[in-house]
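Below is one structure; the comments refer to it alone.
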Amino acid sequence: GAVVSQHPSWVICKSGTSVKIECRSLDFQATTMFWYRQFPKQSLMLMATSNEGSKATYEQGVEKDKFLINHASLTLSTLTVTSAHPEDSSFYICSAATGTRGETQYFGPGTRLLVL
Amino acid sequence: QKEVEQDPGPLSVPEGAIVSLNCTYSNSAFQYFMWYRQYSRKGPELLMYTYSSGNKEDGRFTAQVDKSSKYISLFIRDSQPSDSATYLCAMSGANSGYALNFGKGTSLLVTP
């Protein structure tokens with residue numbers, strides 16, 4: 003149980019294009035999903051918290067107009083990197099929260115983005 | 020000072036050894052404590068989850084939480100080469116909306 007999938011697993015795109023990453027909880031419903039990015043040999047950095055049916059809450063320093071998050075259902079959240087640039091190249095990981103207070107997070111396998 | 024401190028290692032041990040991984044934290048409001056294992060280029064995998072203080076055992080893994088000292092540990096018995104990964108501690112509490120606060124992760128290498 004508690005499986006989270008991400009699609010695509012990797013993507014290469016040209017600078018200036020937009021990329022959409024999907025995060026799905028496959029066997030449970032998640033009212034809250036989180037988006038992280040991780041640079042090589044560093045820990046996960048929380049980008050935003052996504053609640054189903056409401057606007058995402060972004061961490062300080064994360065541009066909400068650049069990283070668009072949509073949490074359309076209890077099993078799906080999407081992250082769109084708009085007008086991607088090489089500095090956006092990173093490993094993007096989502097997690098879905100479960101538990102009585104949403105205190106336990108299960109992570110997806112991650113999406114590796116390379117912007118040329 | 021970061022809220023969660025974790026020695027990044029690397030930590031190298033021979034196969035069969037007992038591994039001890041630790042984190043300290045400063046926020047006394049943390050209530051939930053987790054250990055994740057992350058292989059290279061993969062998402063973190065939840066290993067252990069503990070609420071408040073105490074011990075929890077699952078197979079070769081034991082998690083300990085000492086809230087009075089703000090110190091948590093993960094022990095791995097009979098370590099295997101397949102345990103080689105980065106281990107991340109994470110913790111959360113009601114005051115932060117249960118968002119996870121991660122340590123930097125400890126890189127573990129178990130040599131045959």
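These protein sequence lines are chains V and A, in that order. First residue of the first sequence: 3, per the numbering used here; consecutive thereafter. First residue of the second sequence: 20, per the numbering used here; consecutive thereafter. Cβ atoms here follow ideal geometry from the backbone N, Cα and C, with glycine treated the same way. Computed from a predicted structure; not experimentally measured.
Judging by CA-CA distance, which residue of A:131, A:97, A:39, A:83 is the nearest neighbour of residue 53 of chain A?
Mapped onto the second sequence, residue 53 of chain A falls at position 34. If we check each option's Cα against that of residue 53 of chain A, A:83 comes out closest.
Which residue wins for smallest C-alpha separation from residue 86 of chain A, given the options A:69, A:101, A:21?
The residue given as residue 86 of chain A occupies position 67 in the second sequence. Measuring from the Cα of residue 86 of chain A, the nearest candidate turns out to be A:69.
Count Cβ pairs between the segment 121-128 of chain A and the segment 28-40 of chain A that sit closer than 8 angstroms; are there 3 or more?
The segment 121-128 of chain A, when compared against the segment 28-40 of chain A, does touch it at the 8 angstroms Cβ threshold.
Could you check the C-alpha separation between residue 65 of chain A and residue 86 of chain V for me, to the nearest Å?
Against the second sequence, residue 65 of chain A aligns to sequence position 46. Against the first sequence, residue 86 of chain V aligns to sequence position 84. Answer to the nearest angstrom: the Cα atoms are 31 angstroms apart.
By the criterion of Cβ-Cβ separation under 8 angstroms, what are the contact partners of residue 109 of chain V in chain A?
As a working note, residue 109 of chain V is residue 107 in the first sequence. Within chain A, the residues near residue 109 of chain V are 55, 62, 63, 64, 65.
What residue range is occupied by the uninterrupted beta strand (DSSP E) comprising residue 38 of chain A?
If you number the second sequence from 1, residue 38 of chain A lands on position 19. Taken as a continuous stretch (DSSP letters only), the beta strand (DSSP E) holding residue 38 of chain A covers 38-44.
Would you say residue 75 of chain A faces chain V, with C-beta separation under 7 angstroms as the test?
As a working mapping, residue 75 of chain A is identified with position 56 in the second sequence. It does not: the Cβ of residue 75 of chain A has no partner Cβ on chain V nearer than 7 angstroms.
When you compare only the Cα positions, how much space is there between residue 112 of chain V and residue 96 of chain A?
For the purposes of this step, residue 112 of chain V is taken as the residue at position 110 of the first sequence. For the purposes of this step, residue 96 of chain A is taken as the residue at position 77 of the second sequence. C-alpha separation (whole angstroms): 29 angstroms.
Would residue 115 of chain V count as contacting chain A if we go by Cβ distances under 7 angstroms?
Translated into positions along the first sequence, residue 115 of chain V becomes position 113. No, residue 115 of chain V does not count as interfacial toward chain A.
Taking residue 51 of chain V as the reference, which of V:60, V:64, V:43 has the closest Cα?
Within the first sequence, numbered from 1, the residue matching residue 51 of chain V stands at position 49. Checking every option, the nearest Cα to that of residue 51 of chain V belongs to V:60.
Looking at the unbroken beta strand (DSSP E) that takes in residue 22 of chain V, where does it start and where does it end?
Locating residue 22 of chain V in the first sequence gives position 20, where the first residue counts as 1. 21-27 is the extent of the beta strand (DSSP E) around residue 22 of chain V.
Name the residue from V:116, V:37, V:97 whose alpha carbon lies nearest to the alpha carbon of residue 66 of chain V.
Sequence index remark: in the first sequence, residue 66 of chain V carries index 64 (1-based). When only C-alpha atoms are compared, the closest one is V:37.
At the 7 angstroms Cβ level, is residue 49 of chain A part of the contact set with chain V, yes or no?
Taking the second sequence and counting its residues from 1, the one referred to as residue 49 of chain A is at position 30. Output row for residue 49 of chain A: interface = no.
So, are the CB atoms of residue 22 of chain A and residue 120 of chain A less than 7 angstroms apart?
As a working note, residue 22 of chain A is residue 3 in the second sequence. As a working note, residue 120 of chain A is residue 101 in the second sequence. Yes, these two residues count as a Cβ contact at 7 angstroms.
In angstroms, rounded to a whole number, what distance separates the CA positions of residue 114 of chain V and residue 23 of chain V?
Counting from one through the first sequence, the residue named residue 114 of chain V turns up at place 112. Counting from one through the first sequence, the residue named residue 23 of chain V turns up at place 21. Approximately 10 angstroms between the Cα atoms of the pair.
Which value, in whole angstroms, describes the spacing of the CA atoms of residue 53 of chain V and residue 59 of chain A?
Here residue 53 of chain V corresponds to residue number 51 of the first sequence, with the count starting at 1. Here residue 59 of chain A corresponds to residue number 40 of the second sequence, with the count starting at 1. The straight-line gap from Cα to Cα measures roughly 29 angstroms.
Enumerate in chain order the residues of its own chain whose CB-to-CB distance from residue 93 of chain V is below 7 angstroms, with the five nearest sequence positions on each side excluded.
On the first sequence, position 91 is the one that residue 93 of chain V refers to. Within the same chain, residue 93 of chain V has close Cβ partners 39, 40, 112, 114.
Let me know the secondary structure DSSP gives residue 90 of chain V once reduced to three states.
Against the first sequence, residue 90 of chain V aligns to sequence position 88. Residue state, collapsed to three classes: helix.
Strictly below 8 angstroms CB to CB, what residues from chain A border residue 104 of chain V?
Along the first sequence, read from residue 1 onward, the residue named residue 104 of chain V stands at position 102. Correct list: 117.
From the DSSP output, in three-state form, read off residue 97 of chain A for me.
Here residue 97 of chain A refers to the residue found at position 78 of the second sequence. If DSSP states are grouped into helix, strand and coil, residue 97 of chain A belongs with coil.
Can you tell me where the beta strand (DSSP E) with residue 125 of chain A in it begins and where it stops?
Translated into positions along the second sequence, residue 125 of chain A becomes position 106. Counting along the chain, the beta strand (DSSP E) containing residue 125 of chain A begins and ends at 125-130.
Pull out every residue of the segment 60-93 of chain V whose Cβ sits closer than 8 angstroms to any Cβ of chain A, in chain order.
Going along the segment 60-93 of chain V in chain order, one finds 93 with a Cβ nearer than 8 angstroms to chain A.
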